Ligand SMILES: O=c1[nH]cnc2c(O)c(F)c(-c3ccc(F)cc3)cc12
Ligand SMILES: [Mg+2]
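Residue numbers (the numbering used here): 167 to 380.
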């Protein structure tokens, strides 16, 4: 087929979702991906855990690792107060472009910046580039083998403060065992597992919430 899966998702959103209505954008993605073709969005079940953690954290500065089509970006940004900012890093330029258009359709583009590149290259540049001191909330949803490396990079770049919350998707499926072990044994974090299901399927998955202590 000529188009990519993300482009087909974007076209569905543009066809059925109400412009400026973030919830209708989320519903359009979820209905497309549960009925027509699966895609690696965090989905509605794990999305409800994400919502709860964002509401509880009330973050001003948010970092997302892994944008894909922007589903979780919309999910988070719709809950942010005016003035809060979300920076999302995506290494695939095609994904990033689709995400920008889905985020714009949701009316949330003023709160969101998508940075195209590799997390290991961009994380060390964030303080200088964004004039940001620390992130209050980090959503980790890019590639399981990079979860631990990038978390250590956030620590080394002094981008976390006591109370910063990290939430990681897919810690059970596909799984990030080294990340889980680090978070559950490090004295620098208070970690908690939220069991759930893989997006659009009956397979077990879960999210790990970790609070940086110092
Ligand atoms: O690579 C990923 N990045 C971010 N999120 C993912 C995800 O939520 C998945 F379910 C999956 C996934 C893909 C294939 C499977 F069989 C199971 C899970 C992958 C990712
Ligand atoms: Mg995921």
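All C-beta atoms, glycine included, are put in the ideal place defined by N, C-alpha and C. Model, not experiment: these values are computed from the prediction.
Inset, instruction - Give me every residue whose Cβ sits closer than 6 Å to any heavy atom of ligand 2, in chain order. - result: Having a Cβ closer than 6 Å to some heavy atom of ligand 2 are 206, 208, 307, 335, 336.
Inset, instruction - Return helix, strand or coil for residue 363, following the three-state DSSP convention. - result: Residue 363: strand per DSSP, three-state reduction.
Inset, instruction - Could you check which residue in 369, 325, 339 has the C-alpha nearest to that of residue 378? - result: The candidate whose alpha carbon is nearest that of residue 378 is 325.
Inset, instruction - Starting from residue 380, trace the beta strand (DSSP E) both ways and give me its first and last residue. - result: DSSP places residue 380 outside any beta strand (DSSP E), giving it a letter other than H or E.
Legend entry - Heavy atom of ligand 1 within 7 Å of residue 284 beta-carbon: No, the beta carbon of residue 284 sits no closer than 7 Å to any heavy atom of ligand 1.
Inset, instruction - Would you mind sorting residue 308 into buried or exposed? The rule is 16 or more other CB atoms within 10 Å of its CB. - result: That one is buried.
Inset, instruction - Using the Cα positions of residue 330 and residue 267, report the straight-line distance between them to the nearest angstrom. - result: Their backbone Cα atoms lie some 29 Å apart in a straight line.
Inset, instruction - Could you tell me which residues DSSP pairs with residue 358 in its beta bridges? - result: According to DSSP, residue 358 bridges with 375.
Legend entry - Three-state secondary structure assigned by DSSP to residue 175: Helix at residue 175.
Legend entry - Sheet register partners of residue 279 (DSSP bridge): Its beta-bridge partners are 253.
Inset, instruction - Go ahead and pull the three-state DSSP assignment for residue 264. - result: In the structure shown, residue 264 sits in a helix (DSSP, three-state: H, G or I).
Legend entry - Whole-number beta carbon distance between residue 286 and residue 319, since they are thought to touch under 8 Å: With a beta-carbon spacing of about 6 Å, residue 319 and residue 286 fall inside the 8 Å limit used to define contacts.
Inset, instruction - Determine, using beta carbons only, whether residue 299 comes closer than 8 Å to chain B. - result: Although the question refers to chain B, the structure presented lacks it and comprises just one protein chain.
Inset, instruction - Select from 192, 187, 202 the residue whose C-alpha is nearest the C-alpha of residue 174. - result: The candidate whose alpha carbon is nearest that of residue 174 is 202.
Legend entry - Cβ neighbours of residue 353 in the same chain (closer than 8 Å, five flanking residues each side left out): Hits under 8 Å: 379.
Legend entry - Limits of the unbroken alpha helix (DSSP H) element including residue 194: Boundaries of the alpha helix (DSSP H) around residue 194: 188–201.
Inset, instruction - Can you tell me which of 196, 265, 344 puts its alpha carbon nearest to the alpha carbon of residue 182? - result: Taking each of 196, 265, 344 in turn and checking the Cα distance to residue 182, the smallest one comes out for 196.
Inset, instruction - Please classify residue 272: is it buried, with 16 or more other beta-carbons within 10 angstroms of its beta-carbon, or exposed? - result: With 16 or more Cβ atoms within 10 Å of its Cβ, residue 272 is classed as buried.
Legend entry - Entirely enclosed alpha helix (DSSP H) segments - the segment 281–344, minimum 4 residues: Runs found: 285–288, 292–296, 313–322.
Legend entry - Residue from 290, 346, 172 with nearest C-alpha to residue 263: Nearest C-alpha to residue 263: 172.
Legend entry - Host alpha helix (DSSP H) of residue 245 (start-end): Boundaries cannot be given for residue 245, as no alpha helix (DSSP H) includes it and DSSP labels it neither H nor E.
Inset, instruction - Note down the Cα distance separating residue 349 from residue 261, rounded to an integer number of angstroms. - result: C-alpha separation (whole angstroms): 29 Å.
Inset, instruction - Within its chain, find whatever has a CB closer than 8 Å to the CB of residue 250; leave out the 5 residues flanking it on each side and keep chain order. - result: A distance below 8 Å between beta-carbons, with the five flanking residues on each side excluded, links residue 250 to the following residues of its chain, in chain order: 225, 226, 227, 228, 277.
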